[in-house]
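Chemist: The structure's right below; bear with me while I get my questions together.
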Amino acid sequence: MLENIKKEVFSANIELFEKKLVVLTWGNVSQISENGLVVIKPSGVDYNKMTPDNMVVVDINGNSIEGNLKPSTDLATHLELYKAFPQIKGVCHTHSTYAAAFAQAGLPISQLGTTHSDYFYGDIPCTRDLTKAEVENDYETNTGKVIVETFKDRNISDIPACLVKSHGVFTWGNCAKNAVENAFVLEEIAKMNYLTLSINPAANLPEYILKKHYSRKHGELAYYGQNF
0 MLENIKKEVF SANIELFEKK LVVLTWGNVS QISENGLVVI KPSGVDYNKM TPDNMVVVDI
60 NGNSIEGNLK PSTDLATHLE LYKAFPQIKG VCHTHSTYAA AFAQAGLPIS QLGTTHSDYF
120 YGDIPCTRDL TKAEVENDYE TNTGKVIVET FKDRNISDIP ACLVKSHGVF TWGNCAKNAV
180 ENAFVLEEIA KMNYLTLSIN PAANLPEYIL KKHYSRKHGE LAYYGQNF
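Every letter in the sequence shown is one number past the one before it in numbering that gives the first Met the number 0, and letter 64, counting from 1, is 63.
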């Protein structure tokens, strides 16, 4: 099972690169196993040189289980998300251009159209700034904590994505591949938002359209796609 997850995490990380969501080594993907082991990309390794065997395995507290390379420096952020939200099985981090631009501006990605509504039920939130103390002490852990804080304080659900102020993008899902899909969709939505707001700063989406499009693909009333 662990070997399969290593292959899945490797493939998901390569997909990040192939979908042009990252440049150089600016991103990472992880997945958690049923027994609480986390597989994640190694830190700073070129995508063109990675193999499934390079993936690093740690426990939920970050203790090394398997692998000779250091895990991604964002590991602690991933772990905070897994601890806080047990339904999350895969986490993705990018600095994709348009979504990261919203993060750097400190703005949410607003619900403006049906493409957004097919994947996310509401605005993609942006966290507050981390404090000086939070940055200087356990920065990556506190990055995870500020995402958790944002979602719990605002009672957000059904939005598997968050912008971290001045930093970048975290998305998640039911596996590593699903987390990457959400990162890809988020970047496309961010592009649409940037263009839409440049044309009409007052653009908005009625709640009933949001509800209809989201329910077509999610929940008991979903009817999009096939049943096999």
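Even for Gly, the Cβ is constructed at its ideal location relative to N, Cα and C. All of these numbers come straight from a predicted model, not from anything done at the bench.
1) Note down the Cα distance separating E139 from P85, rounded to an integer number of angstroms.
2) Would the beta-carbon of D122 fall within 8 Å of that of I108?
3) So what does DSSP say about F169, is it helix, strand or coil?
4) Assign Q30 to one of three DSSP states: helix, strand, or coil.
5) Below 8 Å between beta carbons: does that hold for L78 and A182?
6) Going straight from the alpha carbon of I246 to that of V57, what length do you get?
7) Cα separation between N12 and V163?
8) Might you give, ordered along the chain, the residues of its own chain that have their beta carbon closer than 7 Å to the beta carbon of E133, omitting 5 neighbours on each side?
9) What would DSSP say about I123, mapped onto helix, strand or coil?
10) I believe K216 touches Y223 by the beta-carbon criterion, under 8 Å. Please report the beta-carbon distance rounded to the nearest angstrom.
11) Assuming V44 and N53 make a contact with CB atoms under 8 Å, what is their CB distance in whole Å?
12) I'd like to check one pair, T195 with L80: are the Cβ atoms closer than 8 Å?
13) So, with DSSP's three-state summary, where would you put A75?
14) Quick one: what does DSSP say A160 is sitting in, helix, strand or coil?
Modeler: Well, looking at it:
1) 19 Å
2) yes
3) strand
4) strand
5) no
6) Given that the chain is displayed from residue 0 to residue 227, the structure contains no residue 246 and the question cannot be resolved.
7) 20 Å
8) N141
9) strand
10) 5 Å
11) 6 Å
12) no
13) helix
14) strand
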